[in-house]
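Chemist: I am attaching a structure below and will ask some questions about it afterwards.
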Amino acid sequence: MLKNHFSKSAFIFGILAFIANFGSNSSEAADLTDKTIVSPYIGTHTFDGERNLKFRPEFGIGLEKFYGDSFSLGISAGYVPTKSRASGSRKDIYTYNLFASHSFYKKNWAEKLKIPVKNLIPYVSFGIGGNRAVGINAGVGIRALKNDRMAFKLEARGFELWKGRHDLVVSAGIDYLFGGKKQPPVVETKPVPKPKPKPKPKAKVPVVYDSDFDGVPDDKDKCPNTPMRAKVDANGCPLDSDKDGVPDYKDKCPYTLWEVPVDENGCEYDTDKDTIPDYRDKCPNTPAGVMVDDDGCPLDADNDGVPNDIDKCPNTPAGMEVDANGCPKDSDKDGVPDYMDKCPNTPEGYTVNKDGCFVAATLKVYFDFNSAKIKPQYYPEIEKFAKFLKKNPKIKVEIQGHTDSIGSDEYNLKLSQKRAEAVRDLLIKKYGISPDRLTAKGYGETKPIAPNSTPEGRAKNRRVEAVLIIEVK
65 MLKNHFSKSA FIFGILAFIA NFGSNSSEAA DLTDKTIVSP YIGTHTFDGE
115 RNLKFRPEFG IGLEKFYGDS FSLGISAGYV PTKSRASGSR KDIYTYNLFA
165 SHSFYKKNWA EKLKIPVKNL IPYVSFGIGG NRAVGINAGV GIRALKNDRM
215 AFKLEARGFE LWKGRHDLVV SAGIDYLFGG KKQPPVVETK PVPKPKPKPK
265 PKAKVPVVYD SDFDGVPDDK DKCPNTPMRA KVDANGCPLD SDKDGVPDYK
315 DKCPYTLWEV PVDENGCEYD TDKDTIPDYR DKCPNTPAGV MVDDDGCPLD
365 ADNDGVPNDI DKCPNTPAGM EVDANGCPKD SDKDGVPDYM DKCPNTPEGY
415 TVNKDGCFVA ATLKVYFDFN SAKIKPQYYP EIEKFAKFLK KNPKIKVEIQ
465 GHTDSIGSDE YNLKLSQKRA EAVRDLLIKK YGISPDRLTA KGYGETKPIA
515 PNSTPEGRAK NRRVEAVLII EVK
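So, in structure tokens, the structure goes:
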């Protein structure tokens, strides 16, 4: 393998040396315009590893026709006597190629680039061809024109063959040129040197002062005391790019909109410090620390008209009427908001279910010790409950009586029954509630709502309650 690479390198360097000597001896101007070229060549053919063929020389000939001095079409055929790497048996390979070339011909380009070789023409080539497998190929090369009838060329061409095969051919050949127009010889002329002009005497430069070092001389500087390194205009005055009256070197907000009032730092006024300048702040007196929207108004995430900072119910459904705290209104104060309340007129203090409908009520009717007599001061409470029952005629309730823990269980049970019946009778006789809607039952001392260890606790336990039995559908 090392020997093959050495052979390739020696071949290429030899060809390059020959081209340099060949082109440097040319003295006659020539080009390729409309020429027909016959090119016998010799080169090296490197096969890809898959075919297992040895690196060998290639012999061939090409025919090429130029149209103008740059574009050409051609055909070539070659022969490679090689061997199999595996078996050592001889393999004769015949190649062909149909190609088109573009030459980069420009007279004296090598001379302009100070290359000591004349009449060199590089070119690129693209074609279709191959050997046992067909594919596309691309090549680069260079021609050295000896004269109007002969040239020498060096070319490298890579083949991208179908079935995933890759070949490389490096070749050198002699071009025999036919037809075309013979170019007149180039006559080299040496330019006549122009006489050097006499140097003009240097004029005296007047001394110009620039006291503030801003690049504008004092006699033209309308702002002679500009701070060091401040950018200035043609008059020597500090630049004010946004025309807000604050020069750029002091302006902390250099892109203020036209005619917007600014402070001494060149920034828009923001009286309430909410980061929204006054000129577009629709809520200019927002309290400090309150988050605002793009209009400078307090954020209201649920759009209920109550800002987030005071909204105690920040996730109120859209369109819901709310109170001052941003919470849905609860007109009857039963803990169920109006939009969910199926019984919107439940008296305050009554126990309700999730739909806001009556479940139970602790009537504020308390009894003296060992008594079932209702005091007149509790009539308003019973009347309030009676009005509720009249507004809800489908409700049936149980009036429950209770006692404190003093006395026997049996006695207290009877006493609590009397208290329940006393309230039931008052609802029927005085307030006209239908008897079939009311039942009375005593529970004795079994359901205290306060400790029986104190007089105050025992007084709270001597009470009556109303509990929903059924609501007629």
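Just so we're aligned, residue 65 is where the sequence shown starts under my numbering, counting upward by one.
Quick reminder that beta carbons are idealized off the backbone N, C-alpha and C, glycines included.
It should be emphasised that the depicted structure is a prediction, and the values quoted were computed from it without experimental measurement.
(1) What does alanine 220 pair with, by DSSP beta-bridge criteria?
(2) Check each candidate in Pro512, Lys295, Gly300 and Pro499 and name the one with the smallest Cα separation from aspartate 283.
(3) Indicate whether valine 487 and isoleucine 533 have their beta-carbon atoms separated by less than 8 Å.
(4) What residue does the alpha helix (DSSP H) around arginine 483 start on, and which one ends it?
(5) Between which residues of its own chain and lysine 346 is the CB-CB distance below 6 Å, once the five residues before and five after are set aside?
(6) What are the start and end residues of the alpha helix (DSSP H) that includes tyrosine 443?
(7) Go ahead and pull the three-state DSSP assignment for glutamate 385.
(8) Any idea what DSSP makes of glutamate 509, helix, strand or coil?
(9) Which residue wins for smallest C-alpha separation from lysine 524, given the options Val429, Arg344, Leu96 and Gly132?
(10) So, with DSSP's three-state summary, where would you put glycine 191?
(11) Would you decide whether alanine 150 is buried or exposed? Buried here means 16 or more other CB atoms lie within 10 Å of its CB.
(12) Please classify tyrosine 105: is it buried, with 16 or more other beta-carbons within 10 angstroms of its beta-carbon, or exposed?
(13) Please name the residue in Tyr158, Leu162 and Asp489 whose C-alpha comes closest to that of glycine 138.
(14) Would aspartate 327 pass as a contact of threonine 335 if the rule is Cβ separation under 8 Å?
(15) Which of the three DSSP states, helix, strand or coil, is assigned to alanine 523?
(16) Take aspartate 98 as the anchor and find which of Pro392, Gly113 and Gly132 has the nearest alpha-carbon.
(17) Could you say which of Pro515, Gly309 and Ile513 lies nearest to proline 325 if we only look at CA atoms?
(18) In chain order, which continuous runs of the beta strand (DSSP E) of length 3 or greater are located wholly inside the stretch 112–159?
(19) Please report the straight-line C-alpha distance between proline 499 and proline 440, rounded to a whole angstrom.
(20) So asparagine 201 and glutamate 224 are supposed to be a Cβ contact under 8 Å. How far apart are they, rounded?
(21) Can you tell me whether arginine 229 is helix, strand or coil according to DSSP?
Modeler: Considering the structure as presented:
(1) Val204 and Val234
(2) Gly300
(3) no
(4) Following the DSSP letters along the chain, one finds arginine 483 inside the alpha helix (DSSP H) bounded by residues 473–493.
(5) Asp359, Gly360 and Cys361
(6) 443–455 is the span of the alpha helix (DSSP H), which, as asked, contains tyrosine 443.
(7) coil
(8) coil
(9) Nearest Cα to lysine 524 within the set Val429, Arg344, Leu96 and Gly132: Val429.
(10) strand
(11) Burial call: exposed.
(12) Tyrosine 105 counts as buried, since at least 16 other C-beta atoms from the protein chains shown sit within 10 angstroms of its C-beta.
(13) When each option's Cα is compared against that of glycine 138, the closest is Leu162.
(14) no
(15) helix
(16) Gly132
(17) Gly309
(18) 120–131 and 135–147
(19) 22 Å
(20) 7 Å
(21) strand
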